[in-house]
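**Q**
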Amino acid sequence: MVKLIRDDRVAEPLRAGVRRRYGGIDESKVAYLLQCPWCLSFWFGSALTLGRRRWPGATEMAARALAVSALTGLLSEQLDRPPRA
29 MVKLIRDDRV AEPLRAGVRR RYGGIDESKV AYLLQCPWCL SFWFGSALTL GRRRWPGATE
89 MAARALAVSA LTGLLSEQLD RPPRA
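In this note's numbering, the protein residues as written are 29 to 113.
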């Protein structure tokens, strides 16, 4: 989720809307939050943990989908790297 919100083109409208409403990362904590991987991971992790207590089945399915997505991204990055000499 962090990579999706922070870097992906699909979330650009969200980031642009935050910049329009709150200003850039130097003026706004909300804009800074959307660019900070540590901040985003903390809040997403907290939401996922709380969600598991309230909706364990749905949250488990979402967590698995996100884990597989992250694994796919890591594998893709490894396969795209040139071999070491």
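Using N, Cα and C, we set each Cβ at its ideal position, and we do this for glycine too.
At 4 residues or longer, and completely inside the region 61–102: list those alpha helix (DSSP H) runs for me, N to C.
**A** Entirely contained in the region 61–102, the alpha helix (DSSP H) runs reaching 4 residues are, in chain order, 65–82.
**Q** Going by Cα to Cα distance, which pick from W71, L107, G45, D108 is closest to V30?
**A** W71
**Q** Is the distance from the Cβ of T87 to the Cβ of L99 below 8 angstroms?
**A** no
**Q** Measure the C-alpha to C-alpha separation of R48 and R112 and round it to an integer number of angstroms.
**A** R48 and R112: Cα-Cα distance of roughly 44 angstroms.
**Q** Straight-line CA distance for L103 to Y50?
**A** 36 angstroms
**Q** DSSP three-state call for S104: helix, strand or coil?
**A** helix
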